[in-house]
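Beneath this line is the structure, given in structure tokens, with notes to follow.
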Amino acid sequence: MKIYLHLAPGAPIARLEGHGPVTRDYVRHLVRDIAGHVRVQPVIDLNQTIAVDAYEIPHRLRQAVRLIHPADVFPYATNLSRTMDLDPQIPHGEGGETSTDNLGPVTRSHHRIKTHDNTSQGWQVRQSNP
Numbered sequence: 170m171k172i173y174l175h176l177a178p179g180a181p182i183a184r185l186e187g188h189g190p191v192t193r194d195y196v197r198h199l200v201r202d203i204a205g206h207v208r209v210q211p212v213i214d215l216n217q218t219i220a221v222d223a224y225e226i227p228h229r230l231r232q233a234v235r236l237i238h239p240a241d242v243f244p245y246a247t248n249l250s251r252t253m254d255l256d257p258q259i260p261h262g263e264g265g266e267t268s269t270d271n272l273g274p275v276t277r278s279h280h281r282i283k284t285h286d287n288t289s290q291g292w293q294v295r296q297s298n299p
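According to the working numbering, the sequence shown holds residues 170 to 299 in order.
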């Protein structure tokens, strides 16, 4: 079982993805009595841009994007990002880099709306800036 737990140094409350806020005491109980084997992953500094010179998205970059954007980045969407594709704001073929600054999670439907010309249906998606 994988859990994603976000802790800040000295904070009495943590955030458990898929559950919400939890106390440090609950975290201790979870790790000690419920979780069994615990493997701690390295901290990813979300304040630094991670970029690669490739179209493929490596695991570390994928994790960082999903931590930065816990939900679909499409306007008014509320879907959680762990199950979605990562979509570039500026496509790789148009000079967009594969980075935390250019990627965001979207559902397949939202990707199609953003990517394909829908002007014949009376609407289109425009992005003012990345």
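Glycine included, C-beta positions come from ideal geometry on N, C-alpha and C. For clarity, every value in this text was computed on a predicted model and none was experimentally measured.
Where I282 falls: helix, strand or coil (DSSP): helix
Spatial distance of K171 from H238 (CA atoms): 18 Å
DSSP bridge partner residues for T267 (one or two, in chain order): V221
Burial state of N216, where buried means 16 or more other Cβ atoms lie within 10 Å: exposed
CA nearest to the CA of L230, picked from D241, H285, D256, G179: D256
Rounded straight-line distance, which links the Cα of H228 to that of K283: 24 Å
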